[in-house]
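For the protein sequence lines, the chains are R and X, in the order given.
The first sequence: position 147 = 157 (our numbering), numbered continuously.
The second sequence: position 131 = 145 (our numbering), numbered continuously.
Let me begin by presenting the structure, written as structure tokens, before commenting on it.
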Amino acid sequence: MEVALMQRRLEDYTKSLFMEGLLDAQFLQLQQLQDDSNPEFVREVVSLFFEDSQKLLNDLTSALDQQIVDFRKVDSYVHQLKGSSSSIGAQRVKNTCIVFRTFCEEQNAEGCVRCLQQVKQEYYLVKTRLETLYRLEQQVVAAGGSIPAVEFNSF
Amino acid sequence: MGMAAAESQFHVLAVDDSLIDRKLIEKLLKTSSYQVTTVDSGSKALEFLGFREEEEQSSSSDSPSVSSNNHQICPSGVLNFPWNHQEVEVNLIITDYCMPGMTGYDLLKKIKESSSLRNIPVVIMSSENVPSRISRCLEEGAEEFFLKPVQLSDLHRLRHHMMRTKKQEKQENQEEEGESENKAEVQPQSSHQAQQQSNNSSSSSSSSNKRKAMDEGLSPDRTRPRYSNGVTTAV
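In structure tokens, the structure reads:
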């Protein structure tokens, strides 16, 4: 495939992530912070997000599996997940966490379990899409092209 | 204005228990050309700053005058200058609010209660926009309250606090030669900031007018605290 075509495909794919609300402007900030002194910055932060989220989702699953749910503990995990998702701009994960926390506050176990399912779905979705995004970027770079910059207000 | 040389020496200590957020704030600060040290807890921050519990006890009373040899000796026992409190100079501390164990608020209090550390400007970051939390931090002497995720544009405001503290410390140093009485006068900017804050919400006291006038002389372009702008981005 031609480089220009790959670049176009990458650009469209990136835009779709924002248009579907999977990512927000914070992700662009990460991209803008990446420079020659730290060319893998976004990749590193996103990998940390994956590790962190996976651990928190496991912790949440076992915390909500108890006979007597410790809602403060659940809330603290959700708080951390909300923090890391907002730091990388995983908007839909973050928004689900906000709803999740209201159920923690109400000590609503059923609501919490539903939210956990939802947050898992959102997380796996954004993870898959980010991995695809990275693959497309790698293809462009391998073909000798540069990664097109995306402006948040351009779509 | 010839600030470039001084700016490149500014050293920021960033405190956050989240690895992702440490990476992020480190990158933001480096991009803004600051020297950065990151630690994952308030107690490690205090350790880095050479904070000692016995010093806290001797200065925890309301009397701000502390015997001079107390803060002139840094942890290694080497004689230090009063304006260079620790072995590695830290010009500003930026800390997360919500951390297990010592919170950012606890850290702020410890710093502001310490005779040797209280002049270091402290900025608090939090992902939650809780007005009571914000005003509590500002009243305790925090310079700013940033809503997370912190933006590059937020960090432009840090330079301001560091420049002002440098000036203030020079001044303090001159005043300190000979007498220690002035120490009560040379408080960090807390009273001013808190007052500015209370002006926004409710009534104001006029206790720190002198300080206020002086601050405004040093920083004429000071604007509202950042948190009020950040509300929109937090949604």
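Built from N, CA and C at the ideal position, the CB exists for glycine as well.
Taking a contact as a CB-CB distance under 8 Å, the pair R/S94 and X/I138 does not count as one, their CB atoms being some 19 Å apart. For R/I98, the chain X residues whose Cβ falls inside 8 Å of its Cβ are I34, in order along the chain.
For R/S94, a Cβ of chain X is located within less than 8 Å of the residue's own Cβ.
By the CB criterion at 8 Å, X/T51 and X/L166 fall outside the cutoff. Contact annotation for X/S141 against chain R: H89, K92, G93, S96 and S97 [CB-CB distance below 9 Å, chain order]. Only residues of its own chain outside the window of five on either side were considered, and among them L70, A73, L74, C114 and C122 have a CB closer than 8 Å to the CB of R/V84, listed in chain order. As summarised for the segment 98-142 of chain X, the continuous beta strand (DSSP E) elements at least 3 residues long and confined to that stretch are 106-110 and 136-140, given in chain order. The beta carbons of X/M116 and X/G155 sit no closer together than 8 Å. In its chain, beyond the 5 residues on either side, T24 have a beta carbon closer than 6 Å to the beta carbon of R/V160.
Here X/E158 is bridged, per DSSP, to X/V137. Taking a Cβ-Cβ cut-off of 7 Å, the neighbours of X/P163 in chain R comprise Q36, S96 and S97, given in sequence order.
Comparing C-alpha distances from R/M11 to each of R/T106, R/Q149 and R/P158 shows the shortest one belongs to R/Q149. Listed along chain R, the residues sitting closer than 9 Å to X/L166 by beta-carbon distance are Q39, Q42 and L43. With its beta carbon less than 8 Å from one in chain R, X/L42 belongs to the interface.
The beta carbon of X/L38 falls within 8 Å of a beta carbon belonging to chain R, placing the residue at that interface. A direct Cα-to-Cα measurement between X/H175 and X/N143 gives close to 22 Å. Chain-ordered listing is empty here: chain R has no CB closer than 8 Å to the CB of X/T52, the nearest sitting near 14 Å. Bounds of any beta strand (DSSP E) do not take in R/Q76, whose DSSP letter is neither H nor E. Cβ neighbours of X/N105 within its own chain (closer than 6 Å, five residues either side excluded): F24, H25 and M176.
Residue pairing for X/Q49: DSSP places it in a beta bridge opposite X/H25.
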